[in-house]
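J.:
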Amino acid sequence: MTNDISPISSPTIDNKEQDDTWSSQKYVKNASFVPVLGAPVVKLLDPQAHERILDLGAGDGVLTIELEKKCKSVVAIDSSSDMIRAAAIIGCQDARVVDGHDLVDNALANGDFDAVFSNAALHWMKKDPVRVIQGVNKSLKTGGRFVAEMGGHMNVAEVRGGLHAALKKRGINNPEQYDPWFFPGVNTYKRMLEESGFRVDYIELIPRLTPLSTDVAGWIDTFGFMFMKPFENNEEEKKAIAQEVQNNLTFSQDEGVWHIMYVRLRFKATKIN
Ligand SMILES: C[S@@+](CC[C@H](N)C(=O)[O-])C[C@H]1O[C@@H](n2cnc3c(N)ncnc32)[C@H](O)[C@@H]1O
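Number 273 marks the last residue of the sequence shown (UniProt numbering); no jumps.
Set out below in structure tokens:
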């Protein structure tokens, strides 16, 4: 990576726990399917040429760039400085390090955005999902749209269950404490949106069998890293856990291609107050 990070606006790093457990390099190698599969969410957003859009949990900015082509301006925010640096390098015009939980107190939450977009990121904001939605609400104009896709109820359940079992086997009785994901069902998230000043225009759980560009162990390395926290300094144990989960999922290969059953929660909501 070069040092050319000039497009980053003065970063405010609010999340001490999570930033830079993410690696943009691993993300490109093992997860390039994520922004590609975000195309229907961009379609649902239907960005217009005059619009100002906030991309929440923008990652390495691949979808942000797509949005930039279609509207007036986009601000990309993410809690990982590594991701934001990658987003700036590929040309995102305004990329900032902001934790979604702190958006509500950020200068960006000024009621000036026509839409807030988010792909594959909201389920990582587990600490206080309602606070995240409140930040989105405060960022939007009245009548503004919140359009997103996130992991939903029963997302990646086979791998998640495997990780819980592997941790329990190693004496961790409450693996939930290392589980970074909030995968809500339709009823839960609809209620949260409505209680935070939105009208829900559309919300649906979408099962999506997803082929991987890596194996399950590679997927765990990219996305399941928070489960490995108790074994931070034990590379061998981390590898053993990932391998154990994978070995229990040999049925999830088709002609050598590994698959995971994703369930996405896709929605469109409008700010009413
Ligand atoms: C799977 S990536 C998705 C990135 C991008 N939206 C895409 O479609 O490729 C999830 C992103 O959420 C970000 N993220 C996780 N927790 C966050 C938080 N609390 N606030 C803001 N971003 C967060 C991660 O840093 C990561 O870049």
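Think of the CB as a built atom: it goes at the ideal place given N, C-alpha and C, for glycine as much as any other residue.
Would you say the beta carbon of Trp-181 is closer than 6 Å to some non-hydrogen atom of ligand 1?
T.: No, the beta carbon of Trp-181 sits no closer than 6 Å to any heavy atom of ligand 1.
J.: Determine whether the beta carbon atoms of Thr-142 and Lys-271 lie at a separation below 7 Å.
T.: The Cβ atoms of Thr-142 and Lys-271 lie closer than 7 Å to each other.
J.: Between Gly-224, Ser-213, Val-42 and Arg-85, which has its C-alpha nearest Trp-258's C-alpha?
T.: Selected option, being the one with the closest Cα: Ser-213.
J.: Please report the distance separating the alpha-carbon of Ser-80 from that of Trp-22.
T.: Their Cα atoms are separated by approximately 6 Å.
J.: I believe Val-263 touches Ile-220 by the beta-carbon criterion, under 8 Å. Please report the beta-carbon distance rounded to the nearest angstrom.
T.: Not quite, the Cβ-Cβ distance comes to about 18 Å (not below 8 Å), so this is no contact.
J.: Can you name the start and end residues of the alpha helix (DSSP H) that Arg-160 belongs to?
T.: 157 to 169
J.: Does the beta carbon of Ala-121 fall short of 6 Å from some heavy atom of ligand 1?
T.: yes
J.: What three-state label does DSSP hand Asn-30 in the structure shown?
T.: In this structure, Asn-30 counts as helix in the three-state DSSP scheme.
J.: What are the start and end residues of the beta strand (DSSP E) that includes Lys-141?
T.: 140 to 151
J.: When the Cα atoms are used, what is the spatial distance from Gly-144 to Val-136?
T.: 10 Å
J.: Taking the beta strand (DSSP E) that Ile-203 falls in, what are its first and last residues?
T.: 198 to 211
J.: Look up Arg-264 in the DSSP assignment and give the residues it is bridged to.
T.: By DSSP's assignment, Arg-264 forms a beta bridge with Gly-151 and Ile-206.
J.: How about Lys-127 and His-101: are their beta carbons less than 7 Å apart?
T.: Against a cut-off of 7 Å, the Cβ pair of His-101 and Lys-127 comes out as a contact.
J.: Does DSSP put Val-116 in a helix, in a strand, or in coil?
T.: strand
J.: Ordered along the chain, which non-local residues of its own chain (more than five positions away) have a Cβ less than 6 Å from that of Phe-182?
T.: His-123, Lys-126 and Pro-129
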